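**Q** What follows is a structure written as structure tokens; I'll ask about it next.
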């Protein structure tokens, strides 16, 4: 009878579901009873009962472990946030920058906290169930290595899922591990990994997850309390994380040192969360009171942003163009009331050039249309994409767009126009007799003391020029914006500068070193209301804020966002330059502008 | 563990049965003993489940013994009641006896 396959299989089955009993004594007992003359029916009945009882125990245990693991992994965002900061960043100064070590370092920063988190979870569970004394070394090693393997594999899969367009392992940075999507995705493998670890540990610990018995019941009540605490905690941390994306939390006004403290914390958090990367500078009465660089300038080569990093400044070149036009107006070489055709007699569309004045181009009221247009992805027209790299000089733009008609009665309304500022760049060249690029260098950069500002083409090497990272054209993982950039910076935007240079420019402007008092005031006076965001002067945005005024300009492009503002009659000047997508720099700029205007009410 | 820790019905029966079999018993005689006293068959699976719980509570300890051919090469698991187990049995006995005393002695009155 013992050789019967059914019997062997049944005994084997019982051995498999056996959780706690040692040495397969249960199946042994049943086989012995069968040998002693018990009926086959009795044997199978016993087998079925044993399987049922043990399966129920396994299910109950798995549920307990699953609930604990899921609860624990909810705490992961908080843990992640705790892991960031000085301990991890101090390691950056070891000077490892070459592939593959730099990337391995980033992966280690990303994965080690997750592994430690799982191990901590297992330790906490063991502590709660007081089962540590039953852990065997073998079980412990097994559990830890299984959980680590699961996590490593899952992390790589998640990175791959979130990468765009191709998983570029060389470009992985620790910031990738803070993306909200990553945190969502990784919670599943975290739970799984912790549960597996506990299961493996549990192979030696029969009491885990047992429900009955007064002692375990009280332990279970304990565990329930801990679960609810964990869930409550994680809900708090998650909602806090959600709130941190809106600028409303925390203080919004106070002294300058409070501003700096709040700003520091905000910048650290945003950098850790992968939202910010760039330089921030705040100056009061011409003296810098805060300057700091955050994040990476080049994620592939692991080069950090410094105060010497050159950032593409987007539309801030328009401010230089406007200063140049006003300098020429001040010198009597340009009249702002003159039509465009006076300076560009060969302009293809004569009707447009006769109607539109220089002043209207400066205040975006010329109706000359734009360069980029609006394509299906909301960013670039096919026309622009097709000609992006052919538009090398300012005149190339006229050749492409010069036959377009005027879009509305010039002066009647505001319509932001990069093309208008391209035309102004050509006007500067004609009126001054110098090349636009030479003109701004000689008359603006040099007198202001701007040493690192320029507009060299993107295909030329520029030391310390950061790489812009974007998710605006698809993908969830930021990738370089190299394929989207114009051939080179122009009078409408696209040059590069540093935080120090931007401060030098702002100081020179408000100290009337670039223009006389009259023309500086003309430049800063609002000419027309913008649809949102206040008014527009000549190459400057005018923001009324809390009874005060900030004037400045922002720049935005995929992987580029900048904001330079002069608040309270230039008492406060701040610069935010970043190599990530808008609107982070403008949001931070608004935070600073709001703070200084709220904290320094205008005397009535 | 020292606090109010009453035994379940099957747990108490198992402890008593192990004591009765003089602390040197394994699954087969234990289940037979229980079946005989109760007058109906006992599932070995549930016996093991209870014994495991008792072992976690420290009331029973077990050790693996010899394996015999008729057991398919599987070892016997011998059970014995610990000192703590003995105390638990005595406590339960005292409480139960106290409760029984307060009831009328004639069997019919219990219905």
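Residue numbers (my numbering), protein chains in the order written: chain A, 415 to 1018; chain B, 3 to 113.
A virtual CB, placed ideally from N, CA and C, is assigned to each residue, including glycine.
Computed from a predicted model, the values in this text were never measured in an experiment.
#1: What three-state label does DSSP hand residue 11 (chain B) in the structure shown?
#2: Just to confirm my understanding: we take residue 764 (chain A), look at its own chain, exclude 5 residues before and 5 after, and list those with CB closer than 8 Å. What are they?
#3: Please give me, in chain order, every unbroken run of the alpha helix (DSSP H) with length at least 4 that falls completely inside the stretch 787 to 846 of chain A.
#4: Looking at the structure shown, is residue 128 (chain B) part of a helix, part of a strand, or coil, going by DSSP?
#5: Run through DSSP, which three-state label would residue 730 (chain A) get?
#6: Can you list, in chain order, the residues of its chain with a C-beta nearer than 6 Å to that of residue 75 (chain B)? Leave out the 5 residues immediately preceding and following it.
#7: Could you work out which residue in A:777, A:974, A:605 is closest to residue 938 (chain A) when comparing CA atoms only?
#8: Would the stretch 478 to 497 of chain A count as touching the stretch 669 to 678 of chain A if we require 3 or more Cβ pairs under 8 Å?
#9: If the cut is a Cβ gap below 9 Å, which residues of chain A does residue 194 (chain B) touch?
#10: List the whole-angstrom C-beta distance separating residue 757 (chain A) from residue 812 (chain A), where the pair is believed to meet the contact cut-off of C-beta under 8 Å.
#11: Can you list the residues of chain A that residue 46 (chain B) reaches, using a CB-CB cut of under 9 Å?
#12: Cβ atoms of residue 731 (chain A) and residue 906 (chain A): under 8 Å apart, would you say?
#13: Measuring CB to CB, does residue 83 (chain B) end up less than 8 Å from residue 17 (chain B)?
#14: For residue 96 (chain B), would you say it is in contact with chain D, using Cβ-to-Cβ distances shorter than 8 Å as the test?
#15: Thinking C-alpha only, which one of A:746, A:472, A:696 is nearest residue 1007 (chain A)?
#16: What residue range is occupied by the uninterrupted alpha helix (DSSP H) comprising residue 995 (chain A)?
#17: My assumption, with CB atoms under 8 Å, is that residue 759 (chain A) sits in contact with residue 771 (chain A). Please give the rounded CB distance.
#18: Identify, in the order they occur along the chain, each residue of the same chain with its Cβ nearer than 6 Å to the Cβ of residue 96 (chain B), setting aside the five sequence neighbours on each side.
#19: Under the criterion of a Cβ to heavy atom distance below 7 Å, does residue 727 (chain A) qualify as lining the ligand COA?
#20: From this set, A:845, A:601, A:968, which residue's C-alpha is nearest residue 492 (chain A)'s C-alpha?
#21: Classify residue 541 (chain A) as helix, strand or coil using the three-state DSSP reduction.
#22: Which residues in the same chain have their Cβ closer than 6 Å to the Cβ of residue 65 (chain B), if we skip the five residues on either side of it in sequence?
#23: When burial is assigned at 16 or more other CB atoms within 10 Å of the CB, is residue 691 (chain A) buried or exposed?
#24: Return the chain-ordered list of same chain residues with a C-beta closer than 6 Å to the C-beta of residue 1004 (chain A), the five sequence neighbours on each side being excluded.
#25: Taking the alpha-carbon of residue 570 (chain A) as reference, which of A:559, A:610, A:521, A:557 has the nearest alpha-carbon?
#26: Checking 8 Å against the spacing of the C-beta atoms, do residue 611 (chain A) and residue 530 (chain A) come in under that value?
#27: Quick one: which chain A residues come within Cβ less than 8 Å of residue 30 (chain B)?
#28: What's the gap between the Cα of residue 992 (chain A) and the Cα of residue 894 (chain A)?
#29: Can the beta-carbon of residue 597 (chain A) be found less than 8 Å from the beta-carbon of residue 735 (chain A)?
#30: Using the C-alpha atoms, what's the distance from residue 949 (chain A) back to residue 1013 (chain A)?
#31: Check the C-beta distance from residue 727 (chain A) over to residue 976 (chain A) and give it rounded, since I have them as a contact under 8 Å.
#32: Contact criterion: CB-CB distance below 8 Å. Does residue 993 (chain A) meet it with respect to chain B?
#33: With a Cβ-Cβ cutoff of 8 Å, do residue 974 (chain A) and residue 882 (chain A) count as a contact?
#34: Roughly how many angstroms lie between the CA atoms of residue 1016 (chain A) and residue 962 (chain A), to the nearest whole one?
#35: Among A:816, A:897, A:911, which has the Cα closest to the Cα of residue 876 (chain A)?
#36: Specify the secondary structure class of residue 419 (chain A) as computed by DSSP and reduced to three states.
**A** With the structure as the only source:
#1: helix
#2: 755
#3: 796 to 801, 808 to 815, 832 to 846
#4: Because chain B spans 3 through 113 in this model, residue 128 (chain B) falls outside it and cannot be assessed.
#5: coil
#6: 69
#7: A:777
#8: no
#9: This structure leaves residue 194 (chain B) out entirely; chain B is present only between 3 and 113.
#10: In fact, because the Cβ distance is near 12 Å, the residues do not count as touching under 8 Å.
#11: Using a Cβ-Cβ cut-off of 9 Å, residue 46 (chain B) is close to 440, 443, 444, 447, 460, 463, 464 of chain A, given in chain order.
#12: Less than 8 Å separates the beta-carbon of residue 906 (chain A) from that of residue 731 (chain A).
#13: yes
#14: The chain labelled as chain D is not found among the protein chains of the depicted structure, namely A and B.
#15: Selected option, being the one with the closest Cα: A:696.
#16: Note, residue 995 (chain A): premise wrong, no alpha helix (DSSP H); not H, not E.
#17: Contact flag wrong, Cβ pair sits at about 15 Å.
#18: none
#19: With respect to the ligand COA, the structure offers nothing, as it holds no ligand at all.
#20: A:601
#21: In the displayed model, residue 541 (chain A) falls within a helix according to three-state DSSP.
#22: 80
#23: buried
#24: none
#25: A:521
#26: Cβ atoms of residue 611 (chain A) and residue 530 (chain A): not closer than 8 Å.
#27: The answer, in chain order, is 443, 446, 447, 450.
#28: Straight-line Cα distance between these residues: approximately 13 Å.
#29: It is not a contact, given that the beta carbons lie outside the stated cut-off.
#30: Their backbone Cα atoms lie some 23 Å apart in a straight line.
#31: 5 Å
#32: no
#33: yes
#34: Cα to Cα, the separation comes out at about 6 Å.
#35: Considering only A:816, A:897, A:911, the residue with the shortest C-alpha distance to residue 876 (chain A) is A:911.
#36: helix
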